[in-house]
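Numbering (our numbering), first residue to last: 27 to 143. Heads up, the beta-carbon is just placed ideally off N, CA and C, and yes, glycines get one too.
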């Protein structure tokens, strides 16, 4: 249902843009989010974009990582600039249904981001 892409190996200070495309669901009925999980650590929320357009970003990424969504394309993005080695993780997109779709949840397969120092 969700297909994440755009990860890769980048040097510190570089940029990447992750994409998450959905099929079989209508994004406007879902709160969307990007999570990440580094080796040996718990999965954490990086940023979210609610169905009404409200965005929230984790304090540690504010100013260099930005979430956006294009409901017409059923796609969300994570623009990552000034990447740091601490941003190295597998990144997952997530969709949580709202209103009549509440209770439905989907995960993308993850895309690896590796930032070298």
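Bridge-paired residues (DSSP) for residue i
i, result
"residue 43", "105"
"residue 73", "60 and 83"
"residue 95", "102"
"residue 48", "28"
"residue 68", "None, per the DSSP bridge assignment."
Anticipated Cβ contact below 8 Å, residue i with residue j, distance rounded
i, j, result
"residue 124", "residue 55", "6 Å"
"residue 84", "residue 98", "Going by Cβ atoms, the distance from residue 84 to residue 98 rounds to 27 Å, so no, they are not a contact pair."
"residue 45", "residue 59", "Not confirmed; about 14 Å, so no contact."
"residue 105", "residue 92", "5 Å"
Secondary structure of residue i, DSSP reduced to three states
i, result
"residue 124", "coil"
"residue 131", "strand"
"residue 78", "coil"
"residue 31", "strand"
"residue 54", "helix"
Exposure of residue i, with buried meaning 16 or more beta-carbon neighbours within 10 Å
i, result
"residue 49", "exposed"
"residue 143", "exposed"
"residue 126", "exposed"
"residue 77", "buried"
"residue 38", "exposed"
"residue 3", "The question about residue 3 has no answer, for the chain in this structure spans 27 to 143."
Assess contact between the segment 127-138 and the segment 79-88, defined as three or more Cβ pairs (one per stretch) separated by less than 8 Å. Is contact present? No, the segment 127-138 is not in contact with the segment 79-88.
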